[in-house]
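Report on the following structure.
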């Protein structure tokens, strides 16, 4: 019993010491009391006294009562509170351990009976907890929505195609094909796979990722790789048709990312939808020079160019720009390679190519401009430029002029309404992100905003800012979705914008007025860093996935009471005032808890919208971060990380920032699960219909056990006319299918690597078969397995009716 007693005493000392410190911070007294009890139990065990059984039973019962008071019967919250105590009790009850404790006088052995009772009570509580569900929201989409008929292709995409990153310029990620249904999705099998052969190389950054969503148009499937190789595949077999390697300059030590989310397609002979085709300043028409490449693929490159290749052959479209290349550094005052990184495809309308780019995040105030530019898709000539720091000057720069350095940029995918003649841009921030005392006054109103520009001229039509004076990196990465929503006042052409804050802003895309209210509410403004000033209010949309209450100490998690206690100490050592808590100039190990953190509740995956059923489907995440502002002199001495985690230099302002995930010393999230969900909103009522935790720990935990905790996902969802939605971005390597009616997972397939890319779907022009395709290539920063494989799934022959859209299916 010497070893058992010593272990109990040692564990008790840890709990007592940590519990005393936690109590001194104003935290729970439980750990201190339990630690003292465990030490006393260990001493009794060490001495071979049976009183240890009674004392441990008292501790176990106390722990059960305390746990239920804190978290009710939440199984995954109870587990770390009770697991060690339960195991210790069972250990002492084992016959070969129990007999070493001697015998109780009189033979009643009340201590053993008490401990048996405590173990039984604990087990009963665990069983009860297994049948409780405090996190999922169960519901069904109204029958009227499911039976609705309507036009699924308002943006003019052929029903068999997926012609742009979000399927169309509307960015709804909705495939109208209805072959795959909840009834037959279980029969989906891998149809083909394709290996790009593009892997991380020497000198590449940590954040190299395969985030590409391919497009299917012109009878081919088009994609890009992290090193910007453009590839065309046969949609039925996955066989390579052609490959275009721009041979980007990889000799850049400051590349923060190596990512290509997709390419864009343009057809000179496509009918124009719209107002922008009318004679307006800056509009162009496809002239004879377009015949060199009447169908084009436009692709960004990490070294700051935009290339045009023949969609039929992969050959360079030499009449575009300079021998097929537009130099995106032109006009920028900062020319250093690696600082201007276009990770997302351009937005294409019939007469305009709209291009933005990311910049090095949190590096310095000496960054390229965030200018948005409109190019002639035939010649590559610059038609207009909209610099947020000079928003009224859209005429192309004259020779010798430059854009304003470090103005707010856009790094996500924009959307376009050709009928209204507007492009909708999700704006990022003027970097650095975490201190705004020197920001450009003109550009300030465009940080973290949805900006509508006239697609023909670049003139500002309206702006809606989702976060005022953003110092939390709440920039908008998700593509805004355009959908016509049925409201009490009729059908309203709307733009739906998901944001990192969890707010979903629904805006009339004609004039920027709100469709869903978003009242201004007070937020913390104390503890602001020297030289900065915060907005006293922020907009909070009535449609939001922000948690109902701020994080509390009782929300701290862990695998055992010990790392849970450590998380409580971290929580108490950091300042937290709910959403929009300002960063703190903190000592080592101290700072502020930022939740939602820089990964946000909604990231670049955005939302998918079924425009027929008026249903919005999303995959929210809940992971907080720790951030600490570091004074300039101290930061310069320490040096920066060069990635988006760790110490960010932020040169040019008084503070660097240290950013890290809110994790326990064992590397598990401090916030209790679930950390990831799938959810749906009825756009007719703007009410959540269902919300379910999603994904397992199979590929992210030290031991590959698939615990159904609900894990974060990075990438977006897509949905189909058959009523099945798909998601691959979870930390476990699966492509999953969900019944849109109730959100239940109805199918999943194992992927060879992380699936941090948005899936897509199309119908073969040759066979009429519907495919679901996803890139399984992993993500360097998330730590998911890297790969190079694109995988396609389809129903076996004869398992589905002929290809048809949701509209035609419902009409039958």
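Residue numbers (our numbering): 1 to 812.
From the three backbone atoms N, C-alpha and C, an ideal C-beta is built for every residue, glycine too.
Subject >> Runs of beta strand (DSSP E) lying entirely within the region 705-755, each at least 3 residues, in chain order >> reply: Segments of the beta strand (DSSP E) lying fully in the region 705-755: 718-720, 724-727, 734-739 and 745-750.
Original post:
What are the boundary residues of the beta strand (DSSP E) that residue 310 is part of?
Top reply: Here the beta strand (DSSP E) through residue 310 covers 305-310.
Original post:
How far does the beta strand (DSSP E) with residue 415 in it reach, from first residue to last?
Top reply: Taken as a continuous stretch (DSSP letters only), the beta strand (DSSP E) holding residue 415 covers 415-417.
Original post:
What three-state label does DSSP hand residue 608 in the structure shown?
Top reply: For residue 608, the secondary structure class from DSSP, reduced to helix, strand or coil, is strand.
Original post:
What are the start and end residues of each continuous alpha helix (DSSP H) run of 4 or more residues lying completely inside the region 563-643, in chain order?
Top reply: If we require 4 residues or more, the alpha helix (DSSP H) runs fully inside the region 563-643 come out as 632-638.
Original post:
Any heavy atom of the ligand MN closer than 8 Å to the Cβ of residue 706?
Top reply: Of the ligands one can find in the structure shown there are none, so the ligand MN has no counterpart to examine.
Subject >> Every unbroken beta strand (DSSP E) within the region 204-235, with a cutoff of 3 residues, ordered by chain >> reply: With a minimum length of 3 residues, the continuous beta strand (DSSP E) runs that stay inside the region 204-235 are 215-217, 220-224 and 230-233.
Original post:
On the three-pair Cβ rule with 8 Å, is the region 8-21 touching the region 556-563?
Top reply: Contact holds: three or more Cβ-Cβ distances are below 8 Å.
**OP:** Pull up the CB-CB distance for residue 735 and residue 749, whole angstroms please, since I reckon it's below 8 Å.
**Re:** The C-beta distance from residue 735 to residue 749 rounds to 5 Å, short enough to fall under 8 Å.
Subject >> Cβ-based burial, residue 568 [other Cβ within 10 Å; buried from 16] >> reply: Buried is the call here.
Original post:
What's the C-alpha gap between residue 501 and residue 538?
Top reply: Taking the straight line from one Cα to the other gives about 11 Å.
**OP:** Measure from the alpha carbon of residue 738 to the alpha carbon of each residue in 185, 526 and 308, then state which is nearest.
**Re:** For the set 185, 526 and 308, the Cα lying nearest the Cα of residue 738 is the one of 185.
Subject >> Inter-residue Cα distance where the pair is residue 229 and residue 387 >> reply: The straight-line gap from Cα to Cα measures roughly 29 Å.
**OP:** Helix, strand or coil for residue 146, going by three-state DSSP, please let me know.
**Re:** The DSSP-derived three-state label of residue 146 is helix.
Original post:
Okay, do the region 577-588 and the region 512-531 touch, 3+ Cβ pairs below 8 Å being the bar?
Top reply: Contact between the region 577-588 and the region 512-531 is present, because at least three Cβ pairs lie under 8 Å.
**OP:** Have a look at 324, 191, 183 and 83 and flag the residue whose alpha-carbon is nearest the alpha-carbon of residue 797.
**Re:** Nearest option by C-alpha distance: 191.
Original post:
Nearest to residue 404 by CA position, among 350, 355, 431 and 333, is which residue?
Top reply: The shortest Cα separation from residue 404 among 350, 355, 431 and 333 belongs to 333.
Original post:
Whose CA, out of 254, 604 and 619, lies closest to the CA of residue 474?
Top reply: Answer by Cα proximity: 604.
Subject >> residue 70, DSSP secondary structure in three states >> reply: Correct three-state label for residue 70: helix.
Subject >> Unbroken alpha helix (DSSP H) run spanning residue 110, endpoints >> reply: Where residue 110 is concerned, the enclosing alpha helix (DSSP H) stretches over 110-130.
Original post:
What is the rounded straight-line gap between the Cα of residue 430 and the Cα of residue 305?
Top reply: Residue 430 and residue 305 have their C-alpha atoms spaced approximately 22 Å apart.
Original post:
Taking C-alpha atoms, which residue in 370, 315 and 322 lies nearest to residue 342?
Top reply: It is 370.
**OP:** With a 10 Å radius around its C-beta and 16 neighbouring C-beta atoms as the bar for buried, classify residue 519 as buried or exposed.
**Re:** Residue 519 comes out exposed.
Original post:
Is residue 559 helix, strand or coil by DSSP?
Top reply: In the structure shown, the three-state DSSP call for residue 559 is coil.
Subject >> Closest by C-alpha distance to residue 703, when choosing among 781, 678, 717 and 667 >> reply: When only C-alpha atoms are compared, the closest one is 667.
**OP:** May I ask which residues mark the beginning and end of the alpha helix (DSSP H) holding residue 30?
**Re:** Residue range 30-46 is occupied by the alpha helix (DSSP H) that includes residue 30.
**OP:** Return the CA-CA distance between residue 101 and residue 31, expressed in angstroms with no decimal places.
**Re:** Rounded to the nearest angstrom, the two C-alpha atoms are 26 Å apart.
Original post:
Which of the three DSSP states, helix, strand or coil, is assigned to residue 541?
Top reply: In this structure, residue 541 counts as coil in the three-state DSSP scheme.
Subject >> Coarse secondary structure for residue 80, derived from DSSP in three states >> reply: Under the three-state reduction of DSSP output, residue 80 falls in the helix class.
Original post:
When the Cβ atoms of the region 715-732 are set against those of the region 122-130, are three or more pairs found closer than 8 Å?
Top reply: They do not touch, by the three-pair rule.
Subject >> Other residues of its chain near residue 730: CB distance less than 6 Å, five sequence neighbours each side excluded >> reply: Contacts found: 695, 711 and 713.
Original post:
With DSSP run on the structure shown, which of helix, strand or coil describes residue 87?
Top reply: Three-state result, residue 87: helix.
Original post:
Which residues bound the beta strand (DSSP E) around residue 96?
Top reply: Per DSSP, residue 96 is not a residue of any beta strand (DSSP E); the alpha helix (DSSP H) it occupies stretches across 95-98.
Original post:
Quick one: what's got a C-beta closer than 7 Å to residue 248's C-beta in the same chain, skipping five residues either side?
Top reply: Correct list, in chain order: 227, 228, 301, 302 and 303.
Original post:
For residue 467 versus residue 480, is the C-beta spacing smaller than 9 Å?
Top reply: Contact: no.
Subject >> Straight-line gap, residue 86 to residue 119 (C-alpha atoms, nearest Å) >> reply: Answer to the nearest angstrom: the Cα atoms are 7 Å apart.
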